[in-house]
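A.B. asks: A single structure is presented below for examination.
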Amino acid sequence: MVNNGIMKAVEEALKKSKKRNFVQSIDLAINLKDVDMKNPANRIDMIVELPHGRGSKPAKVALIAGGELATRAKDVADLIID
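The working numbering numbers the first residue of the sequence shown as 157 and each following residue consecutively.
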């Protein structure tokens, strides 16, 4: 699906939804079929910049780890799940 197709689908979904009294956000999930993510050549390594940024909210970092990695991350992560 090309970029215009994705934008058209999102606009159509917004048009069909009922009117809300707040600014809505949209979650977009993409499923990749027949892609072996264990193969390093197939891994996705890209940065996507949000068109309107994050606003004034600071970024938060959560880490799921244990042992030495959890200990080292205490200074940089907002939440550590052991």
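Glycine included, every Cβ here is placed at the ideal spot set by N, Cα and C.
All values reported here derive from a predicted model rather than from experimental measurement.
In whole angstroms, what separates the C-alpha of residue 233 from that of residue 216?
C.D. replies: One C-alpha to the other measures close to 8 Å.
A.B. asks: Helix, strand or coil: how does DSSP classify residue 235 here?
C.D. replies: If DSSP states are grouped into helix, strand and coil, residue 235 belongs with the strands.
A.B. asks: By how many angstroms is the C-alpha of residue 236 removed from the C-alpha of residue 230?
C.D. replies: Their backbone Cα atoms lie some 7 Å apart in a straight line.
A.B. asks: Using DSSP with H/G/I as helix, E/B as strand and the rest coil, what is residue 203?
C.D. replies: Coil.
A.B. asks: Taking only the alpha-carbon atoms, compute the straight-line gap between residue 157 and residue 207 and give it to the nearest angstrom.
C.D. replies: No answer about residue 157 holds up, because its pLDDT of 47 lies below 50 and its placement is not dependable.
A.B. asks: Do residue 191 and residue 198 have their C-beta atoms closer together than 8 Å?
C.D. replies: Contact flag set, yes.
A.B. asks: Measuring straight from C-alpha to C-alpha, what distance separates residue 238 and residue 172?
C.D. replies: When rounded, the distance between both Cα atoms is 42 Å.
A.B. asks: Per DSSP, which residues does residue 162 bridge with? Please list them.
C.D. replies: Looking at the DSSP assignment, residue 162 forms no beta bridge with any residue, so it has no partner.
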